[in-house]
Amino acid sequence: MTLAMPDLLTQDTDNRAQAIDPRRSFLIEAPAGAGKTELLTQRFLALLAQVQEPEEVVALTFTNKAAAEMRERILGSLQRSARGEAPPEPHRQTTHRLGLEVMAQDRARGWGLLAHPSRLQITTLDALCGRLVRQMPLLSRLGSQPAIATDPQPHYRQAARDTLALLDTDHPVADALWRVLDRFDNDSARLQTQLIAMLASRDQWLRHSVQGVDLDAAEAALSDLIEDELARAAAVLTPDLQAQLMPLARFAANQVLVSQASGQPVPALQGITPLADWTEPLRPLASELPRWRALPALLLTQRGELRKTAPTNCGFNTPEGQTLAKDFKALLQRLADAGAAPPLHALTRLPDPQYDADDRQFIGDLIAVLKVATAQLWLAFQQAREVDFTEMAQNALLALGDEAAPSELQLRLDYRISHLLVDEFQDTSPTQVELLRRLTAGWTPGDGRTLFLVGDPMQSIYKFRKADVGLFLKVRERGLGHLPLEALHLYRNNRSHTAVVDWVNATFPGVFSPRDDHHRGAVRFTEAIATRGAHALAHVCWHPLVADDGTDADEASADDLSSSEREAQQVIQLIRQAQAESPDGTIAVLVRARRHLETLVAALRSADPALPFQAVEIEALGERQVIQDLLSLTHALCHLGDRTHWLAVLRAPWCGLTLHDLHQLAADDHHSAVWTLIQAPERRARLSPDGQARLAHLHAVMAEALAHQGQQRPRRWIEGVWQALGGPWCLKQPAEWLDAQAFFETLDRCERQGTIDLHLLPQEVAKLFAAPDPQAGERLQLMTIHKSKGLEFDTVILPGLHGKPATTDRPLLLWDEVLDEHGQERLVVAAPPTRRDHDAATPSRFAFLQAFEAERHLHEARRLLYVAVTRARRQLHLLGTVQRSPRAANGLLSPPSGSLLGLLWHVAEPHFIAQADAPGSVEANPSAPPALPLSGYAHRLERLAQVGWPPAWQAAPPASLPATGRDAPPPATGGDTRATGTGQPALASDLGRLVHRYLEIIALDGVDHWPPERVEALRPAMRLWLQAQGHGAAAARQAADEAADQLLTTLRSPQGRWVLAPHDEAASEWAITTWNDGQARTHVIDRTFIAEGIRWIIDYKTTRDDDADATVYREQLARYRRLFSEGPPVRMGIFFTHRGTFSEVSD
């Protein structure tokens, strides 16, 4: 029963008061705008006021940003309470009261929280896993702490290749691998792709494969799933209806058998023959599956809809059958009234539950191959000394042990942690829930320890990250492990105005499922109550577009705009309208997928280039000119014979040869390398005077660069060449500088043994997206709905609602877990059928499980739509396109299945019908000025004008390449140069570079992998490198010895080992670029990490200046500190490598 608004408000208030009771464990459902962060803060403070030590209370989030925000809010509350600042808002008064209690406990126990905020245990689940692994390295199998791979795909790919390489060996898995490959029609590339996908999702199946798959138990579990579907059909096809249907079905089935015997089969009705002797009502049992599966052929059309009349060709048109046909039609009407079509159609996908011998062999082979692929992945991780998050989480579970045999670490944590809080619990994966279960395995109700889980199942949208909303529903129903939880619900929406909340309340009961279903991932809708009241500008508005019949919604004709372009023009009008109504308001354009914004971004840049906006991970970086030029430069430097990229380098803005000059240089010689042609004086003489000047500059820079190839890391080398060529002067906006820096960071990831992997580089660049314009502000943002989670805006615009969802690849195996009557999980597994053994007459188990997965994706789409609309504070605009269809009853084609518009069609349809009936409905905005098709819009290639070159370039060629100096902006007149081939080298500087580089390597490898003898072995290599920099043999030997001694001193120092240890978010030589007053500035931080909730920023000092004071570096470190204004508290220090000592630098 739905409560009235006053009752819901009262219930909400009571639930919030209960939720901060430190003696009880809760699961809180907090819908969008409910103020769960404030509630989490209050709960955390209430617990702190009760414990002996603050470390007993642990809060877990999913992102560092969320952890930082929670920490900041709690610290802010404590600071205000310490100052006695009582807020006027009632809900903040509760926070203030709790803060006073905490400060009293702080003084009584001597905690010093304000001076030592790192004692507040607020962290991410991933960081917790890393901490557990570090504490038990042997049990976790990882030994020294590995790094977390930013992109584990190369490791998955390597493991899959190594697995397939076993085909021609005598490895025990080779035979199984050959049989699996045979099922894939010997397509090893497709099998490799499938193995990669399975390794990425191995946390979902690995625990089952390790234990062994019991296919007999799987058959029983599959029978349970089938009987659940039969029960749904039996609920509408009652015994009374079945009794009326039986004589009709027997008549039709026997007529089909007679026709078949006479040589006139009826293919469309062949499946109803099991009903020929049907005399008893069907029960929802797998043993009666053949008759259940016969019913859809009798009662439904091929489209899955109930027939209007009795089927033909089975006797109903004969004199004997005409009376039965009338009965059949009346029965169909009763079935329609009962909503029987969907459950009856679901019967068509029910498979046989039994696995035959071939199935058992194939599944066994697949599991054997997957086990070996997992072992190969572990080897790849060991070789790279980095792992993915899944591996870290799995090893954290190993470190904890299990309930029957808890590890020493689990017992220690069981003693230390008294209260656990988890935010965004709806987004947890099975591995994360298992981690929480093991952390609380020793807890019992009433022992003083509590669990507090907060989330909103209506906002669970991260299935692609392995989140499973069914876990939230199961924990709400049964508790976590043996720990029961009280379920509470919040109803207030403190974000949106009444018009938006009322629309959501009226619309989404028809979008969401009427009931929860943890297996299908279905969540019912719960209404909210707006607390912000009405607003003059608040409204929800549809902006329908109707395309002509047969016109593709995304295709432009020669003289008209495509519907996507017309929709983009409509969005621009809405943005301008919102900005006019509320100049200070925030606007977000949200889409389901990045591709839905491509047209809009181009339209914005074309219609109003001065309009500032932030596109958050929308624009592919590889399509921007600066990145294409950098790719060409990289290929050219790494491969002198790459003619295409060398010509692109000459055409790039930093050189900008005209087509005529390019023709003069290279048109008559297709065999010589372009670099060879550039070096030929007679060739250069052919060019125009302007072209000769430009080519002379490029020739000088490239010659210097190639002469010193291999003496620097590739990233630094290529970046230096780009700067020397004038790359920074070719940039027009700060965002382009950030794009270039993202490319250079990608070069670091593509480095393999001192060279760039040119095959991997384009793949990595394809994953990059342009950074948002830092000067655009946050007034107008374009992003995906997933990126908008947790944000709010005054105006939200949702274009492209008609867009089709992306298709998903078919996995190598499908797994599903089914709860039996005792609440125990049982596994169902299915492999995809092949073209050779697929039997269309019998549904496959794979298709059956795949249908469940498709249903889960559809339910997540419902939740995604809810997240999108609830980002709006005042205005919500919905845009979509449908096509006319004279064949449809309403004159319109229905939106694509699975589209967001399709989910809203029950409320959207009248708006589209009205638009279709309006004159000129094809035009999105008839009053808007005509616009050129966006397909004709393109950026114009530009080049540096001679007068814009740095003055130093117009003189003699530079003697050396400009290096990316520490904390140095791009040079204004040739850069902050250092000698690499001529002039007097700086020995101290090169020694520092050497020490910094090896400290970075040691930190990546782990200090345990660097015994003294390994450092000693470096002295000859160091000496040779220093000599290559232009130093004499004696000076190089002395400096190499000094560098090795400093490394040894650091490794012997406890403080040095602490600095280099694998802390959370550790990074070495971290380059961060900022843009101020039109200038880019790159800050290179020697070492940073988070330890015990503190962000440490550490600078190395390699010079032997015993009189140096660490405070000299205060200004530089303070500048670094400002880069981390958001996040955990920051502390700074200097590590003196020649002394092995550390000195903290205070503010």
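Going by this note's numbering, the letters in the sequence shown line up with residues 542 to 1688, in that order.
No residue lacks a Cβ here, since even glycine has one placed at the ideal position from N, Cα and C.
These numbers come from a predicted model, not from an experiment.
query                                                                                                                                                                               : result
Spell out the partners DSSP gives residue 1369 in its beta bridges.                                                                                                                 : 1357
For the candidate residues 657, 764, 561 and 553, whose alpha-carbon lies nearest to that of residue 594?                                                                           : 657
Using the DSSP secondary-structure output, state which residues sit across from residue 1420 in a beta bridge.                                                                      : 1084
Give me the Cβ distance between residue 696 and residue 925, rounded to the nearest whole Å; I'm assuming they're in contact under 8 Å.                                             : 6 Å
With C-beta atoms as the reference, is residue 563 less than 8 Å away from residue 991?                                                                                             : yes
With residue 601 as the anchor, note down where its beta strand (DSSP E) starts and where it stops.                                                                                 : 598 to 602
Which first and last residues belong to the beta strand (DSSP E) in which residue 1324 is found?                                                                                    : 1321 to 1325
For residue 616, which residues of its own chain have a beta-carbon under 6 Å away from its beta-carbon, when the five flanking residues on both sides are left out?                : 658
Going by the CB atoms, is the gap between residue 1000 and residue 1408 shorter than 8 Å?                                                                                           : yes
Give the DSSP-derived three-state secondary structure of residue 1127 in the structure shown.                                                                                       : coil
What residue range is occupied by the uninterrupted beta strand (DSSP E) comprising residue 1030?                                                                                   : 1027 to 1030
Shortest alpha-carbon distance to residue 1049 belongs to which of 1442, 1329 and 892?                                                                                              : 1442
Which residues in the same chain have their Cβ closer than 7 Å to the Cβ of residue 1117, if we skip the five residues on either side of it in sequence?                            : none
Would you say the segment 754 to 770 touches the segment 924 to 942, given that touching needs at least three Cβ pairs under 8 Å?                                                   : no
Tell me, please, which residues DSSP counts as bridged to residue 1636.                                                                                                             : 1631 and 1671
Comparing C-alpha positions only, which one of 570, 753, 1105 and 1027 sits nearest to residue 1339?                                                                                : 1105
How would you write the range of the alpha helix (DSSP H) that residue 1018 sits in, first residue to last?                                                                         : 1010 to 1019
Residues in the same chain with beta-carbon distance under 7 Å from residue 668, minus the five sequence neighbours each way, listed in chain order, please.                        : 1605
Going by DSSP, what residues sit across from residue 1034 in a beta bridge?                                                                                                         : 1071
Roughly how many whole angstroms lie between the Cα atoms of residue 1127 and residue 1313?                                                                                         : 16 Å
Counting C-beta neighbours from all protein chains within 10 Å, is the total for residue 1093 16 or more, i.e. buried, or is it exposed?                                            : Note that residue 1093 has pLDDT 49, beneath the 50 cutoff, so the model's placement of it is unreliable and the number below is only indicative. Exposed, because fewer than 16 other Cβ atoms sit within 10 Å of the Cβ of residue 1093.
Alpha carbon to alpha carbon, how far is residue 1042 from residue 1034?                                                                                                            : 8 Å
From 1655, 1661 and 1637, pick the residue whose C-alpha is nearest to that of residue 1670; which is it?                                                                           : 1637
Compare the C-alpha of residue 1440 against each of 1417, 1426, 1403 and 1416 and name the closest.                                                                                 : 1403
Short check: CB of residue 1536 to CB of residue 1678, under 8 Å?                                                                                                                   : yes
Using 10 angstroms around the beta-carbon of residue 973, count the other beta-carbons present and answer buried if the total reaches 16, otherwise exposed.                        : buried
Determine the burial state of residue 1212: buried for a count of at least 16 other Cβ atoms within 10 Å of its Cβ, exposed for fewer.                                              : exposed
Leaving aside the five residues before and after residue 710 along the sequence, list all residues of the same chain whose C-beta is less than 6 Å from its C-beta, in chain order. : none
Roughly how many angstroms lie between the CA atoms of residue 1015 and residue 827, to the nearest whole one?                                                                      : 26 Å
Closest to residue 640 by C-alpha separation, out of 607, 603, 761 and 591, would be which residue?                                                                                 : 591
How is residue 1333 classed by DSSP in three states: helix, strand or coil?                                                                                                         : coil
Please report how far the alpha carbon of residue 1445 lies from the alpha carbon of residue 1064, in whole angstroms.                                                              : 17 Å
If you drop the 5 nearest sequence neighbours on each side, which residues of the same chain put their C-beta closer than 7 Å to that of residue 856?                               : 792, 793, 796 and 862
Do residue 642 and residue 959 come within 8 Å of each other at the CB atom, strictly closer than that value?                                                                       : no
Is the beta carbon of residue 933 closer than 8 Å to that of residue 671?                                                                                                           : yes
Would you call residue 1542 buried or exposed, if buried means 16 or more other Cβ atoms sit within 10 Å of its Cβ?                                                                 : exposed
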